[in-house]
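Down below is the structure, laid out as structure tokens.
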Amino acid sequence: MRKFAAIAAASAVAAIGLAAPAQAYDREMYAYAAGHMISHSDIPASLNAKKGANFNASPMSGKSFLCGDENTRVEFAGGQMQFNVNYNGKKDSAGIGVSVTQYASATQAIKAFNELKAGLKKCEGPASGQQTFADGSTDTWSRLNTSGSVPLVTVAGVASVFLNENYEDVTSGSADGTYDGGTYSSDSYSVYTLVNDVIINTSRYTGSELNMSTRERRAVNQVAFNAVTRWLG
489 MRKFAAIAAA
499 SAVAAIGLAA
509 PAQAYDREMY
519 AYAAGHMISH
529 SDIPASLNAK
539 KGANFNASPM
549 SGKSFLCGDE
559 NTRVEFAGGQ
569 MQFNVNYNGK
579 KDSAGIGVSV
589 TQYASATQAI
599 KAFNELKAGL
609 KKCEGPASGQ
619 QTFADGSTDT
629 WSRLNTSGSV
639 PLVTVAGVAS
649 VFLNENYEDV
659 TSGSADGTYD
669 GGTYSSDSYS
679 VYTLVNDVII
689 NTSRYTGSEL
699 NMSTRERRAV
709 NQVAFNAVTR
719 WLG
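Residues 489 to 721 in the working numbering are what the sequence shown lists, from first letter to last.
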């Protein structure tokens, strides 16, 4: 499950970096997005986010990853463009990221959001597996996913939805002693919001602990609410 840990991290946290508008971009949309993402003041102090954000924009093609592992992937329709802003956490704290996926129309965004909600049902529940490698080491992983609605973040009568993923990976040492093994634990919480012709994903990911606190999840919900306010402001 070493590969899955990388996939989970990439899907839970928004992309980082600073990108200038390319010729293929809609420059007007790029400018709008850059000026309508969350600021540091929109993040509750309890999330321990550093000041200074990384903004990135990129064209999209194909499907968007929702959940899964090496054997199964749950996806939903991707958009035309994606805009991301990421705030790193202080010291060992997790960061917070917001990604905005732009669709060709509100109709396409609604269709993708409905596909996302249906996909969440496939993501729910426990899963586990084990692999044995050539060096004699083993990799045992387990995952518990939950999903639901976020009434606090409701736009035009449509409530946001969340996906919470608890994941643990335990590897044993190799037979020749060159690899000692170890334990990797993580918890990610993502809120998806339909806003006209975009889907906003507000995510927090930690690679150091299981069971993100209720206080943290509520703070992420508040960031999701603020992300909508900024986007429409």
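Positions of the beta carbon are idealized from the N, C-alpha and C atoms, including for glycine.
Item checked: P639 versus Q590: straight-line alpha-carbon distance, rounded -> Rounded to whole angstroms, P639 to Q590 spans 23 Å at the Cα level.
*For Y591, name the three-state secondary structure that DSSP assigns.*
coil
Spatial neighbours of E698 in its chain, beta-carbon cut-off 6 Å, leaving aside the 5 residues before and after = Note on identity: in this sequence residue 698 is Leu, with Glu being the wrong assignment. So the list reads N654, S673, D675, once near-sequence residues are dropped.
Rounded straight-line distance, which links the Cα of S546 to that of L554
18 Å
Notebook entry, point to check: Taking the C-alpha atoms as reference points, what is the distance between A510 and Q570?
Noted result: Low per-residue confidence applies at A510: pLDDT is 42, beneath 50, and the placement is therefore not dependable enough to give any value.
If T626 sits next to T666, beta carbons under 8 Å apart, how far is it from one beta carbon to the other, in whole angstroms?
Contact flag wrong, Cβ pair sits at about 15 Å.
With DSSP run on the structure shown, which of helix, strand or coil describes A510?
-> With a pLDDT of only 42 at A510, under 50, the local geometry of the prediction cannot be trusted, and no value is derived from it.
Beta-carbon proximity check, I524 vs K539, cutoff 8 Å: The identity of residue 524 in the sequence shown is His, whereas the question assumes Ile. No. Outside cutoff.
**OP:** Please name the residue in V683, Y677, I687, D685 whose C-alpha comes closest to that of T702.
**Re:** Y677
For P614, list the residues DSSP reports as bridge partners. L632
**OP:** Throw me the rounded Cβ distance for the V586 and V686 pair, which I believe falls under 8 Å.
**Re:** The Cβ separation is near 11 Å, so there is no contact.
Taking all protein chains shown into account, do 16 or more other C-beta atoms lie within 10 angstroms of the C-beta of R631, making it buried, or fewer, making it exposed?
-> Buried, because 16 or more other Cβ atoms sit within 10 Å of the Cβ of R631.
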